[in-house]
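Okay, so here's the structure we're looking at.
Protein chains: 2
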Amino acid sequence: MERRDVDVVVVGAGLAGLAAARALAGADRDVIVLEARDRVGGRTLNEPIGEGKVVEIGAQWVGPTQDRVLRLIDDLGLETFPTYTGGANLFERGGELARYSGTIPRANPVGLAEVGVAMWRLNRMASAVPLDAPWTAPKAERWDSETFASWMRHNVRTEVARDILRLAIIGVWACEPRDLSLLHVLFYIRSAGSLERLTDTEGGAQQDRVVGGTQLIALRMAEQLGEGVLELSTPVRGLAHDDGVTVTSDRHTVGARRAIVAVPPTLAARIAYDPPLPAIRDGLSQRMAQGSVVKCMAIYERPFWRDHGLSGTVISATGPVSVAFDNSPPDGSPGVLLGFLEGAAARAHADLPVAERRAAVAVCFRRLFGPDAAEPIGYVDRAWAADEWSRGCYGGFMPPGAWTDHGAALRAPIGPIHWAGAETALVWNGYMDGAVGSGEDAARAVLASLD
Amino acid sequence: MERRDVDVVVVGAGLAGLAAARALAGADRDVIVLEARDRVGGRTLNEPIGEGKVVEIGAQWVGPTQDRVLRLIDDLGLETFPTYTGGANLFERGGELARYSGTIPRANPVGLAEVGVAMWRLNRMASAVPLDAPWTAPKAERWDSETFASWMRHNVRTEVARDILRLAIIGVWACEPRDLSLLHVLFYIRSAGSLERLTDTEGGAQQDRVVGGTQLIALRMAEQLGEGVLELSTPVRGLAHDDGVTVTSDRHTVGARRAIVAVPPTLAARIAYDPPLPAIRDGLSQRMAQGSVVKCMAIYERPFWRDHGLSGTVISATGPVSVAFDNSPPDGSPGVLLGFLEGAAARAHADLPVAERRAAVAVCFRRLFGPDAAEPIGYVDRAWAADEWSRGCYGGFMPPGAWTDHGAALRAPIGPIHWAGAETALVWNGYMDGAVGSGEDAARAVLASLD
Chain A
1 MERRDVDVVV VGAGLAGLAA ARALAGADRD VIVLEARDRV GGRTLNEPIG
51 EGKVVEIGAQ WVGPTQDRVL RLIDDLGLET FPTYTGGANL FERGGELARY
101 SGTIPRANPV GLAEVGVAMW RLNRMASAVP LDAPWTAPKA ERWDSETFAS
151 WMRHNVRTEV ARDILRLAII GVWACEPRDL SLLHVLFYIR SAGSLERLTD
201 TEGGAQQDRV VGGTQLIALR MAEQLGEGVL ELSTPVRGLA HDDGVTVTSD
251 RHTVGARRAI VAVPPTLAAR IAYDPPLPAI RDGLSQRMAQ GSVVKCMAIY
301 ERPFWRDHGL SGTVISATGP VSVAFDNSPP DGSPGVLLGF LEGAAARAHA
351 DLPVAERRAA VAVCFRRLFG PDAAEPIGYV DRAWAADEWS RGCYGGFMPP
401 GAWTDHGAAL RAPIGPIHWA GAETALVWNG YMDGAVGSGE DAARAVLASL
451 D
Chain B
1001 MERRDVDVVV VGAGLAGLAA ARALAGADRD VIVLEARDRV GGRTLNEPIG
1051 EGKVVEIGAQ WVGPTQDRVL RLIDDLGLET FPTYTGGANL FERGGELARY
1101 SGTIPRANPV GLAEVGVAMW RLNRMASAVP LDAPWTAPKA ERWDSETFAS
1151 WMRHNVRTEV ARDILRLAII GVWACEPRDL SLLHVLFYIR SAGSLERLTD
1201 TEGGAQQDRV VGGTQLIALR MAEQLGEGVL ELSTPVRGLA HDDGVTVTSD
1251 RHTVGARRAI VAVPPTLAAR IAYDPPLPAI RDGLSQRMAQ GSVVKCMAIY
1301 ERPFWRDHGL SGTVISATGP VSVAFDNSPP DGSPGVLLGF LEGAAARAHA
1351 DLPVAERRAA VAVCFRRLFG PDAAEPIGYV DRAWAADEWS RGCYGGFMPP
1401 GAWTDHGAAL RAPIGPIHWA GAETALVWNG YMDGAVGSGE DAARAVLASL
1451 D
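Put into structure tokens, the structure is as follows:
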């Protein structure tokens, strides 16, 4: 078994791990990155669809205030282009399809007013949540004692407003309102800036895309790391630690002064630590689960919906596709409709054969876009919860109580072990920007500890 | 690396795994049990305190309707004796100590009436929860959408009733009312028979103890298995499966036609499965956490509190010791006071040095039992959440939403892999009785599948 000794070993070659390694290498530290998969990028993944084009079956959007990932994209010589938003959006509910523009669908005025008030209240409550210690907010105990579903039940009366807010929840957190601590929703809103920043396309987290696909961010970072730094197909199994660390995989042993573990907490707990991690950290790992998404793309000769004045953007209370977008390449060829199965729908479909998911998605798209949508020429999807090395998407979430008693363990280093990953980010938690920032922050902390 | 081939491999030599192995061996199947620790018994553990006596720093009580564990105790030639209940119990709240008898402490009549009504309602709601599929209860979606804290907030008005119900929750589930799905509370009540069965000493789950300590149950089962069946200090790292299984540990490879994994779901997920487990099962593992307990015992020359007419039984809203019992051996020598740190108090103390926990517990016992309690001659405790191979006690629990979308994966076999453990039990879920029953049930299912 090969043994290597370096300054820092990074576990995981997603955006966080690679950003950490890049920062460490840039500071002339000897670093090695161990990645379980045979590829880099974690939850970013390009899928070729012919003619040199790709669709992204993982994370794909960037938006304003996501300064870390935008700077990185620029540094790497990549470019962004706007998400397609021409034409009308669709809101499907109770057997009806309504066209609308902007973020808030057309519905009865009382319901819409309730959505507006709820969003205003959530934003205001979120402003009281300290990002580095949400459990210290003045009303944290109360907010962490209830689910978002309970909050809605007691604060939102109309069914249409509840449906729209539920779609916002599953669209952003990829879990049901019943799964989430209200405090976690507020933390996440604060982390992104506002609820609108999370849900919006123009001016929000879905505003722009990356030419060539977001996995290029990881691929270009990996290229820059140079020879011998990155080891693929190398799942880490053990991590012994005292002053330094000894990391074991099926193929390597790596000794290092520090480790940065850049995978979600639920997966980080599957490494055998020696000595075992403190109870508070292990308990966090037991509680912070990953969201549930199947990202599905149907491919057509051309984006025919544009001819009908439709943007391809849909929110649907009918499901199982709850959110859809026009996800065609920049030149509009081929036409690609992106549909998300989120929360309960993702869980119900994650373990089915892909043909069944394709059929379910085609039924939705036909209902939404007409008979031309019934027979895509291609289909690709990814059930991230079934993926051994992600076990969910978009990010991790906290059920009630988890922030209060275990939140302090989310970012705190344990001896030479530092944590990174989108789940640990203060700003844009759960997003590519948070992942990049968390990796850069962990690298900075490690460098400071080595001086 | 040694390789063995057997009919069935059992992972974990707690009560569930050993009960399964015993049933399989009794049916003349070739079985091997792989245990990570250097001992059997899982969450049962005897600690010698001199003169051949022990205290149990893990599970210790049995009670009426726990037919499987009681029959097993009898089969193994062990005996039970009643928990000490002579004299008055204490209820501590708001700086006051009140004596009472029975289960419900003395408090203002309105508060007590509210506790009674709440218990009656919870029992009635629980009766509508099917044990094998709690998510199919008529109101399951609503009950699984809120925490027990939310239910209390909207259904219990007096502070004293909320305090008493919170003590019942942390005493039974070892987590805070905010952590738990209301549906899970109802499932658990149904699984035990009633809330009183869970909380009571006489007539309930704390009624009797086992002479010589409950770990004898596991030790005697292990003895009966004979040569070569049980492998200690053998953590299982990998489990490949198709028609059969190949289980790898640091020292062995075991091939078998079936596997019974008899550890809590959160720990079962730390084994590397090949192929990876379905998303629904992995998601369950991400959500079902283990409760938080530190079980603390202070040892005195004699049980001096009995002289003052006290039973040693305490419930305290002041804490950090929330529940106490006289845990002296059957002959009353030495005197042993048992104090539980549960839920948030357990989490706050689990990673502290034992001397700090001893001091905190002594402060509580002095406040409750007077100056004689201030200086115990001995002290032992166990922070089960810090224990690598348990990672919590008493049992596992479901946060909101987990039963609804992931509950079906709790017991369902996956190919040749069957699940056992107290967390999987239909009856007395989370208790020794449930563990034994789950092991026997899994063995029965495996035997049927082998015929």
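Protein sequences appear in the order of chains A and B.
Residues 1 to 451 in the numbering used here are what the first sequence lists, from first letter to last.
Residues 1001 to 1451 in the numbering used here are what the second sequence lists, from first letter to last.
Glycine residues also receive a C-beta, built at the ideal position from the N, C-alpha and C atoms.
Computed from a predicted model, the values in this text were never measured in an experiment.
Which residue or residues does DSSP assign as beta-bridge partners of A:Asp274?
Answer is A:Ala240, bridged to A:Asp274.
Using a Cβ-Cβ cut-off of 8 Å, state whether A:Pro320 counts as contacting chain B.
no
Nearest-angstrom Cβ-Cβ length linking A:Arg411 and A:Trp419, presumed shorter than 8 Å
6 Å
Against chain A: residues of the region 1265-1284 of chain B by CB proximity under 8 Å
The region 1265-1284 of chain B vs chain A, Cβ under 8 Å: Thr1266, Ala1269, Arg1270, Ala1272, Pro1276, Pro1278, Ala1279, Ile1280, Asp1282, Gly1283.
Leaving out five residues before and five after A:Glu301 in sequence, what residues of the same chain have Cβ atoms less than 7 Å from its Cβ?
Pro334, Gly335, Ile377
Looking at B:Pro1399: is its Cβ nearer than 8 Å to the Cβ of A:Pro399?
yes
B:Ala1345 by DSSP, collapsed to three states: which one?
helix
Excluding five sequence neighbours on each side, which residues of the same chain lie with their C-beta closer than 6 Å to the C-beta of B:Trp1151?
If we look at B:Trp1151 and ignore the five residues flanking it on each side, its Cβ neighbours are Leu1182.
By Cβ distance, which residues of its chain are closer than 6 Å to B:Leu1195, with the 5 residues on each side in sequence left out?
Here B:Leu1195 has Met1119, Leu1122, Asn1123, Ile1189 as same chain residues with Cβ atoms under 6 Å from its own Cβ, once five neighbours each way along the sequence are excluded.
Please compile the residues from chain B whose C-beta is within a distance smaller than 7 Å of the C-beta of A:Ala118.
Within chain B, no residue has its CB atom less than 7 Å from the CB of A:Ala118, the nearest being about 17 Å off.
Please confirm whether A:Thr44 and A:Glu35 have their CB atoms less than 8 Å apart.
no
If you reduce the DSSP assignment to three classes, tell me which class A:Trp305 lands in.
helix
Does DSSP classify A:Arg398 as helix, strand or coil?
The sequence shown places Met at residue 398 of chain A, not Arg. A:Met398 falls in the coil class under three-state DSSP.
Closer than 8 Å to chain A by CB, B:Gln1290
With 8 Å as the cut-off, B:Gln1290 counts as an interface residue toward chain A.
Beta-carbon spacing of A:Ala324, A:Leu337 below 8 Å:
yes
Which residues of chain A have a Cβ atom closer than 7 Å to the Cβ of B:Asp1144, listed in chain order?
By Cβ distance, chain A contributes Arg178.
Chain-order list of residues whose beta-carbon lies under 6 Å from that of A:Leu76 (same chain, five-residue window excluded):
Arg220
Under 7 Å between beta-carbons, which chain B residues line up against A:Pro400? List them in chain order, please.
Thr1147, Arg1178, Asp1179, Pro1399, Pro1400
Taking the runs of the beta strand (DSSP E) that are 3 residues or longer, which of them lie wholly in the region 1158-1213 of chain B?
1208-1210
For B:Glu1056, which of helix, strand or coil comes out of DSSP?
strand
Any idea what DSSP makes of B:Cys1393, helix, strand or coil?
coil
Hey, could you find the ends of the beta strand (DSSP E) B:Ser1249 is sitting in?
1245-1249
Kindly say whether B:Asp1381, judged by its beta-carbon, lies nearer than 8 Å to any beta-carbon of chain A.
no
Need the endpoints of the beta strand (DSSP E) that A:Asp381 sits in, please.
Residues 378-383.
Determine whether the Cβ of B:Glu1092 lies closer than 8 Å to any Cβ atom of chain A.
no
Measuring CB to CB, does A:Ile217 end up less than 8 Å from A:Leu72?
yes
Within 10 angstroms of the Cβ of B:Ser1233, are there 16 or more other Cβ atoms? Answer buried if so, exposed if not.
exposed
Only counting the same chain, and skipping five residues up and downstream in sequence, which positions put a Cβ closer than 6 Å to that of A:Tyr379?
Ala298, Arg358
Contact set between A:Ser150 and chain B, taken where Cβ atoms lie within less than 8 Å
Ser1145, Glu1146, Thr1147, Ser1150
If you drop the 5 nearest sequence neighbours on each side, which residues of the same chain put their C-beta closer than 6 Å to that of B:Glu1231?
Leu1034
Where A:Thr103 sits in the DSSP three-state scheme:
The answer is coil: DSSP assigns A:Thr103 none of H, G, I, E or B.
For the region 1342-1353 of chain B, list every residue whose C-beta sits within 7 Å of some C-beta in chain A, in sequence order.
Those would be Ala1344, Arg1347, Ala1350, Asp1351, in chain order.
Any C-beta of chain A sitting closer than 8 Å to the C-beta of B:Gln1286?
True, the Cβ-Cβ gap to chain A drops below 8 Å.
8 Å Cβ cutoff, B:Asp1405 in contact with chain A
yes
Along the chain, which unbroken stretches of the beta strand (DSSP E) at least 3 residues long are found entirely within the region 55-142 of chain A?
Counting only runs of 3 or more residues that sit fully inside the region 55-142 of chain A, the beta strand (DSSP E) segments are 80-82, 88-93, 96-100, in chain order.
Consider the Cβ of B:Ala1385: report whether some Cβ of chain A lies at a distance smaller than 8 Å.
yes
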